[in-house]
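First residue of the sequence shown? That's 75 in my numbering, and the numbers climb one at a time after it. Presented below is the structure to which this report refers.
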Amino acid sequence: MTELEKILQQKAIKPTAMRLLVVEKLLKQQYAVSHKELAEQFEKADNITLFRTLKVFLEHKLVHTIDDGSGVIKYALCQSGCNCNLSELHTHFYCTDCKHTFCLTETEIPNIEVPQNFKLDGANLVLKGKCDKCNK
75 MTELEKILQQ
85 KAIKPTAMRL
95 LVVEKLLKQQ
105 YAVSHKELAE
115 QFEKADNITL
125 FRTLKVFLEH
135 KLVHTIDDGS
145 GVIKYALCQS
155 GCNCNLSELH
165 THFYCTDCKH
175 TFCLTETEIP
185 NIEVPQNFKL
195 DGANLVLKGK
205 CDKCNK
């Protein structure tokens, strides 16, 4: 069994050719990518199959989505052992120059109290500025 197959197996995802290709591409990314950016990395990718693959990855908590304010949802691999609970959420950084979004996994989203009778389902904290490459 390959490392890619093990990654999928740990999340109870059946390995298919497309799923293996997508997880391989995501592993090589240093920043979050949109569906379109991911599709452009494949010569003959069926958009529907790619969309379904990302949906399965989301359902099994292999990837998480990021709304960085750019108008396009981006995807990034979750860290090993992550279950996408509120306590595991982290901050993201959107570079205003290169337009890349980075996971800042070491920077947790602070615990925020919501009013009584409110139910918090998620949180999204995006910092904006220049990444290390653009800031040189």
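Glycine is no exception: its CB is placed at the ideal position from the N, C-alpha and C atoms. All values derive from a computational prediction rather than experimental measurement.
Query raised in the report: Can you list, in chain order, the residues of its chain whose CB lies under 6 Å from that of LEU194, leaving out five sequence neighbours each side?
Result: Within the sequence shown, residue 194 is the residue found at index 120, counting from 1. Cβ-Cβ distances below 6 Å link LEU194 to VAL188 in the same chain, with the five nearest sequence neighbours on each side left out; the list follows chain order.
Query raised in the report: What first and last residue would you give for the alpha helix (DSSP H) that runs through LYS99?
Result: For the purposes of this step, residue 99 is taken as residue 25 along the sequence shown, with counting starting at 1. Start and end: 91 to 102.
Query raised in the report: With 16 other CB atoms within 10 Å as the buried threshold, where does CYS177 fall?
Result: Sequence index remark: in the sequence shown, residue 177 carries index 103 (1-based). By the neighbour-count rule (16 or more Cβ atoms within 10 Å), CYS177 is buried.
Report task. Could you check if LEU124 is buried or exposed, using at least 16 other CB atoms within 10 Å of its CB as the buried criterion? Result -> Here residue 124 is taken as the residue at index 50 of the sequence shown, counted from 1. Buried is the call here.
Query raised in the report: So what's ALA86 in DSSP terms, helix, strand or just coil?
Result: Residue mapping note: residue 86 aligns to position 12 of the sequence shown, counting from 1. ALA86 falls in the coil class under three-state DSSP.
Query raised in the report: If you draw a straight line from the C-alpha of GLN190 to the C-alpha of ASN121, how long is it?
Result: Here residue 190 is taken as the residue at index 116 of the sequence shown, counted from 1. Here residue 121 is taken as the residue at index 47 of the sequence shown, counted from 1. About 43 Å.
Query - Sequence ranges, beta strand (DSSP E) only - wholly within the region 161 to 203, length at least 3 - result: Entirely contained in the region 161 to 203, the beta strand (DSSP E) runs reaching 3 residues are, in chain order, 164 to 169, 175 to 182, 200 to 203.
Query raised in the report: Rounded to a whole number of angstroms, what is the C-alpha to C-alpha distance between LYS129 and PRO89?
Result: Residue mapping note: residue 129 aligns to position 55 of the sequence shown, counting from 1. Residue mapping note: residue 89 aligns to position 15 of the sequence shown, counting from 1. In a straight line, the C-alpha of LYS129 is about 14 Å away from that of PRO89.
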